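Number of protein chains: 2
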Amino acid sequence: MCAPSVLAAVWAGLTRRDAMHYLAGMYVAGRLVANAEASQPPPVRSPGPPPTDAPRRSLPADHIVDLTHTLSPRFPIWPGNEPIVLKVKSQLQRDGFYANRWDISEHHGTHLDAPAHAAADGATVEKIDPRHLVVPLAVVDIRERVARDPDTAVTIDDLQRWEKRHGPLPAGCALAVCSGWDAKAIDAKAFLGSDASGTLHFPGFSPRAVEFLLHERQVVGLIVDTLSIDIGPSRDFPVHKLWLGAGKWAVECAARLDQVPPVGATVFVGAPKVATASGGPIRLLALW
Amino acid sequence: MCAPSVLAAVWAGLTRRDAMHYLAGMYVAGRLVANAEASQPPPVRSPGPPPTDAPRRSLPADHIVDLTHTLSPRFPIWPGNEPIVLKVKSQLQRDGFYANRWDISEHHGTHLDAPAHAAADGATVEKIDPRHLVVPLAVVDIRERVARDPDTAVTIDDLQRWEKRHGPLPAGCALAVCSGWDAKAIDAKAFLGSDASGTLHFPGFSPRAVEFLLHERQVVGLIVDTLSIDIGPSRDFPVHKLWLGAGKWAVECAARLDQVPPVGATVFVGAPKVATASGGPIRLLALW
Numbered sequence: 000m001c002a003p004s005v006l007a008a009v010w011a012g013l014t015r016r017d018a019m020h021y022l023a024g025m026y027v028a029g030r031l032v033a034n035a036e037a038s039q040p041p042p043v044r045s046p047g048p049p050p051t052d053a054p055r056r057s058l059p060a061d062h063i064v065d066l067t068h069t070l071s072p073r074f075p076i077w078p079g080n081e082p083i084v085l086k087v088k089s090q091l092q093r094d095g096f097y098a099n100r101w102d103i104s105e106h107h108g109t110h111l112d113a114p115a116h117a118a119a120d121g122a123t124v125e126k127i128d129p130r131h132l133v134v135p136l137a138v139v140d141i142r143e144r145v146a147r148d149p150d151t152a153v154t155i156d157d158l159q160r161w162e163k164r165h166g167p168l169p170a171g172c173a174l175a176v177c178s179g180w181d182a183k184a185i186d187a188k189a190f191l192g193s194d195a196s197g198t199l200h201f202p203g204f205s206p207r208a209v210e211f212l213l214h215e216r217q218v219v220g221l222i223v224d225t226l227s228i229d230i231g232p233s234r235d236f237p238v239h240k241l242w243l244g245a246g247k248w249a250v251e252c253a254a255r256l257d258q259v260p261p262v263g264a265t266v267f268v269g270a271p272k273v274a275t276a277s278g279g280p281i282r283l284l285a286l287w
Numbered sequence: 000m001c002a003p004s005v006l007a008a009v010w011a012g013l014t015r016r017d018a019m020h021y022l023a024g025m026y027v028a029g030r031l032v033a034n035a036e037a038s039q040p041p042p043v044r045s046p047g048p049p050p051t052d053a054p055r056r057s058l059p060a061d062h063i064v065d066l067t068h069t070l071s072p073r074f075p076i077w078p079g080n081e082p083i084v085l086k087v088k089s090q091l092q093r094d095g096f097y098a099n100r101w102d103i104s105e106h107h108g109t110h111l112d113a114p115a116h117a118a119a120d121g122a123t124v125e126k127i128d129p130r131h132l133v134v135p136l137a138v139v140d141i142r143e144r145v146a147r148d149p150d151t152a153v154t155i156d157d158l159q160r161w162e163k164r165h166g167p168l169p170a171g172c173a174l175a176v177c178s179g180w181d182a183k184a185i186d187a188k189a190f191l192g193s194d195a196s197g198t199l200h201f202p203g204f205s206p207r208a209v210e211f212l213l214h215e216r217q218v219v220g221l222i223v224d225t226l227s228i229d230i231g232p233s234r235d236f237p238v239h240k241l242w243l244g245a246g247k248w249a250v251e252c253a254a255r256l257d258q259v260p261p262v263g264a265t266v267f268v269g270a271p272k273v274a275t276a277s278g279g280p281i282r283l284l285a286l287w
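Structure follows, in structure tokens:
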């Protein structure tokens, strides 16, 4: 994908720690991809242990950050959709146990869009390969630009500038955009960015950047801290159509992306395994 | 907790691979606990990187197994509760996107019981410390005994026999019981084990084993492949009351515990972060 001279220049610009992070991410990604290719049928009942002297692959695990917002009826939701409703079904004093039912949209709170959300032949959420739910995390920070232009979109330039600093996007990674928008989630009007005409305003991905990722890189999922991977004013949602149409997942309404490093973390996507669902509320954790 | 001579005897019985697994698990658990103690306020906004020559903690990551059942209206549920209902709210051809709402019990499918499910002052699901959702996994296999007695319960003897073979339960681990019951989930009657009188039959934990774990070991969660951490015939659910009452979590209806090693894996508990919930459907993944 890159001429050796380009790679050398990229590596020369990395600190030793960045390089170690990057290698760890690549190592794990490569191993998971290799396992995926080697074992097309579902995991065998009793996978044999690796030979005792084979090198063991590992994930850095010094830190954990919860990238999930707390979901309540007050959490912002796409216009026209209804927030979660909890109904108490069982009370501790009366019934011995406390329990509720939820009436909940698949796209409320920190949630996942499965390919089927926007693609006729796309996988529903329970069919996403679990190996694509534990992957290296790359974080592109556009907060500075968002402060000037809330409708700004991630461009190919942003991605190339990131790679110049941190190395190529790890194979099999999830790519997150830290726009700082999660701080607005306490105020639905600010989070949607609605103007007088009802048009929404918040940042997202540009279709060209997403085409670049689809054709030039191996990224399994996109993560944004806004309500949509398309920018707020979008009318036809080209990024959803391109990305989900290519069989990839997207996470919307992530939190605290400013607390994870640009490269070197692993993200766990705790997607619900509900049959035929278009997505659903998730638990999203970063570890590094 | 153990005299040096006991520890030496335990170590002598371990293979090199078991010992490495165990050390890795302890290392990570120790680090997470140390971090938890060191950072009582929520994680700082921009945690400083560790010094470049500090040893890096890591999780083994050669294998991934999905411990989650697919949740559909056919999945068994506790008697008297109603299964999940999906309502299509948006259709791809008509509306541009496919999406549903769910009407769902917090205790359907592979799910988590938060302390508040059985304890008046217990944490609701969103308040569980995320550091307790990515932890070493220990698996006790009781399949042989279950074949003879479906109402069998895990005893202190089972735990001590396990420790003799695999070393002390890792500090901060989740303890899973592999009873083989997950294979029955395709048939609700078999999974509940109801007899003519309506009494349920399936294995679980004994109250004494749970008291031993609470007082003698540091375990953050229990995982079972049946509908309850109490055995099927239980009328008063002492294990729920003891365990959740002590502020711990439990996972019920896990799958494929026979596919993970007794020690050395990490479990990721993708619990939903729904405010005031008593639990909820989860994604449960094991990595090692």
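Chains as they are written, first to last, in numbering that gives the first Met the number 0: chain A, 0 to 287; chain B, 0 to 287.
Glycine included, each C-beta is placed from N, C-alpha and C at the ideal position.
The model shown is predicted, which means the values in this text are computed figures rather than measured ones.
Can you tell me where the alpha helix (DSSP H) with residue i in it begins and where it stops?
i, result
"B:P59", "Looking at the DSSP string, B:P59 is not in any alpha helix (DSSP H); the run it does join, the beta strand (DSSP E), is S57 to P59."
"A:R93", "L91 to D94"
"B:K240", "P237 to G244"
"A:K188", "A187 to L191"
Determine which residues share a DSSP beta bridge with residue i and list them.
i, result
"A:E251", "A:H110"
"A:W101", "A:L85 and B:I103"
"A:D65", "A:L284"
"B:A175", "B:V138 and B:I222"
"B:A152", "B:G203"
"A:V145", "According to DSSP, which records beta bridges pairwise, A:V145 is partnered with nothing at all."
"B:G279", "B:L111"
"B:V259", "Answer is none; B:V259 lacks a bridge partner."
If you draw a straight line from the C-alpha of residue i to the C-alpha of residue j, how long is it?
i, j, result
"B:T69", "B:S178", "19 Å"
"B:A276", "B:V124", "6 Å"
"A:V32", "A:G171", "Below a pLDDT of 50, predicted positions are generally treated as unreliable, and A:V32, at 39, falls in that range; the measurement from the model is reported next regardless. Roughly 7 Å between the two C-alpha positions."
"A:V153", "B:S193", "56 Å"
"A:R164", "A:V209", "20 Å"
"B:G121", "B:I127", "10 Å"
"B:A60", "A:R56", "5 Å"
"A:A137", "A:V259", "9 Å"
"A:A184", "B:I228", "37 Å"
"B:P129", "A:V64", "8 Å"
"B:V145", "A:A187", "52 Å"
"A:F267", "B:A195", "44 Å"
"A:R100", "A:E162", "45 Å"
"A:T67", "A:C252", "8 Å"
"B:L85", "A:F190", "28 Å"
"A:W77", "A:D235", "15 Å"
"A:T151", "B:P135", "42 Å"
"A:L226", "A:S89", "33 Å"
"B:I141", "A:R216", "46 Å"
"B:F201", "A:R160", "58 Å"
"B:S205", "A:H62", "35 Å"
For residue i versus residue j, is the C-beta distance shorter than 8 Å?
i, j, result
"A:H110", "A:G263", "no"
"A:L174", "A:V218", "yes"
"A:R284", "B:V133", "Correcting the residue type first, residue 284 of chain A is Leu in the shown sequence and not Arg. In contact: A:L284 and B:V133 (Cβ atoms closer than 8 Å)."
"B:W248", "B:A113", "yes"
"B:I230", "B:G203", "yes"
"A:P72", "A:I83", "yes"
"A:A254", "A:D181", "yes"
"A:R207", "A:I281", "no"
"B:A117", "B:G244", "yes"
"B:T198", "B:P232", "yes"
"B:L91", "A:A119", "yes"
"A:V176", "A:G220", "no"
"A:F211", "A:L158", "yes"
"A:L58", "B:L58", "yes"
If you follow the beta strand (DSSP E) that residue i is in, where does it begin and where does it stop?
i, result
"A:F267", "A264 to G269"
"A:L213", "Counting along the chain, A:L213 falls outside any beta strand (DSSP E), though it belongs to the alpha helix (DSSP H) covering P206 to E215."
Run the CB neighbour count on residue i, radius 10 Å, all protein chains shown included, and call it buried at 16 or more, exposed below.
i, result
"A:H131", "buried"
"A:H214", "exposed"
"A:D148", "exposed"
"A:D224", "buried"
"B:I103", "buried"
"A:G79", "exposed"
"A:D94", "exposed"
"A:G108", "buried"
"A:V87", "exposed"
"A:A98", "buried"
"A:E81", "exposed"
"A:E105", "buried"
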